[in-house]
Amino acid sequence: MMKATSFLTSLLFLLSLNTAQGAPGWKALTNDEVHDPTSPAIGILQEPATALALLPSDTSGNRVSWIRALRERYIQPRTNIYPETEIKVLDMDIIMELTGEMPLVRFPHKPHTEWLDCDNCHDKIFIEKVGANPVNMFAILAGEYCGRCHGAVAFPLTECNRCHSVDRATFTGQPGAQPEKKVSELIN
Ligand code: HEC
Ligand code: HEC
Ligand code: HEC
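All you need for this note's numbering is the position in the sequence shown, starting with 1, plus 23.
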């Protein structure tokens with residue numbers, strides 16, 4: 024088991040070096056391999072470089088800190104389509120300890136629930152109970168659990184330390200659900 028973990032760590036480390044080097048900017052719509060470059064509409068659409076450069080920057084993924092963009096009100100997306108939808112922000116961290124030689128994982132509910140509904144994760148991606156989900160790095164890399172979004176619509180999996188952010192040696196609390204904090208302000 025230890026061997027497999029070390030192998031995985033080295034592999035992922037190499038992968039992260041590789042992507043950190045050739046960090047691309049925003050591709051033009053005509054060569055992003057998503058839009059049809061011959062479409063007459065191509066000139067009407069705003070270029071990503073024009074739209075995204077105005078937002079707070081990040082060092083990876085699509086180079087935008089979406090958490091700051093929301094909190095600092097650069098963008099104010101609608102929170103609900105139906106008026107009866109209840110908006111809930113939960114400020115509760117989960118500390119996950121099955122991380123081999125890597126630092127512990129801190130999953131913060133707060134930034135996630137500023138963007139997402141509980142239903143987006145519970146119970147389809149995660150059963151709402153600490154320890155009830157066999158989360159591991161191979162499954163994440165295969166697009167399960169955190170990997171459903173990270174590496175797709177949220178920051179990429181090469182940013183190890185954004186998830187593995189808690190030093191095992193200095194963490195004195197209990198792993199699992201941390202005490203819930205009061206949310207003082209809802210965004211929007
Ligand atoms: C981005 C995904 C995501 C969203 C959105 C989300 N959660 Fe969670 N939740 C998790 C994860 C991950 C765990 C930990 C699961 C584990 O340890 O296996 C968890 C665990 C929990 C737990 C269990 C705590 C315990 O003591 O066992 C509760 C309760 C919970 N969430 C409530 C909520 C509520 C309420 C919302 C909406 C306000 C919400 N969650 C939104 C991912 C999410
Ligand atoms: C349903 C989608 C979804 C899932 C599943 C998900 N995340 Fe996220 N996560 C996001 C989005 C969206 C953001 C905000 C955009 C960004 O930072 O890229 C985010 C941001 C974060 C942040 C940054 C918080 C900050 O304050 O900067 C951390 C850490 C994080 N996620 C960890 C995890 C971990 C660990 C898991 C699995 C246990 C997980 N996420 C599962 C969507 C998800
Ligand atoms: C989106 C969040 C996220 C990112 C990014 C991430 N991890 Fe993980 N990692 C996890 C979670 C969650 C676990 C499982 C923790 C648990 O179940 O207690 C885990 C577990 C692990 C483990 C334990 C062995 C195993 O197979 O699960 C290793 C080793 C590991 N990660 C290495 C890395 C390395 C190296 C990187 C960067 C290249 C990385 N991780 C990036 C969330 C992440």
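Think of the CB as a built atom: it goes at the ideal place given N, C-alpha and C, for glycine as much as any other residue.
Remember, predicted model here, so these are calculated numbers, not experimental data.
For Glu95, the closest C-alpha among the options Ala74, Asp140, Ile104, Ser80 is that of Ser80.
With a cutoff of 8 Å, Arg94 does not count as near ligand 3, since its C-beta is closer than that to no heavy atom of the ligand. Pairing Glu182 with Gly174, the inter-Cα distance amounts to about 10 Å.
In the structure shown, Lys204 falls within a strand segment according to DSSP collapsed to helix, strand and coil. Out of Tyr105, Cys172, Ile150, the CA that lies nearest to the CA of Trp138 is found in Cys172.
A straight line joining the alpha-carbon of Leu52 with that of Pro71 spans about 8 Å. Distances taken from the Cβ of Gly166 to the heavy atoms of ligand 3 include none shorter than 8 Å. Apart from the 5 residues on each side of it in sequence, Ile98 sits with its Cβ closer than 6 Å to the Cβ of Ala92 in its chain, given in chain order.
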